[in-house]
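Numbering (our numbering), first residue to last: 44 to 152.
Using N, Cα and C, we set each Cβ at its ideal position, and we do this for glycine too.
On a predicted model such as this, the values are computed, not experimentally measured, just so you know.
First up is the structure itself, then whatever we jot down about it.
Have a look at this one:
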């Protein structure tokens, strides 16, 4: 089952995010970062959308074709139940998988 990936920018909330959603289970993984000029704009966080954010949660990531793989720090691994989360990604049509990977790379810097 592929996960739907999207990019969201919310000036009203002061953040941007790459969202990975499993429509079957409604499970969600979000990489978020404050927009420039906001208090935590130098950090990113990982969340389920309903959980507290875990800052600097990704130890390493890679893309293999349309598969995104994230090696997590121990605190994030406890949240997601595994040291590595990975999934095949399709997009919502607003961005390509390549563009989504560029957003992930930028948010994790």
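Inset, instruction - Could you name the residues that DSSP lists as bridge partners for residue 76? - result: 59, 87
Legend entry - Residue burial classification, residue 127 (beta-carbon count within 10 angstroms, cutoff 16): In summary, residue 127 is exposed, with fewer than 16 beta-carbon neighbours lying within 10 Å of its beta-carbon over all protein chains present.
Legend entry - Straight-line gap, residue 51 to residue 133 (C-alpha atoms, nearest Å): 15 Å
Legend entry - Identity of the residue in 66, 59, 114, 55 nearest residue 149 by Cα: 59
Legend entry - Rounded straight-line distance, which links the Cα of residue 47 to that of residue 62: Going from the Cα of residue 62 to the Cα of residue 47 covers about 8 Å.
Inset, instruction - Alpha carbon to alpha carbon, how far is residue 100 from residue 69? Give it in angstroms, no decimals. - result: 21 Å
Inset, instruction - Return the residue from the list 66, 72, 55 that minimises the CA-CA distance to residue 147. - result: 72
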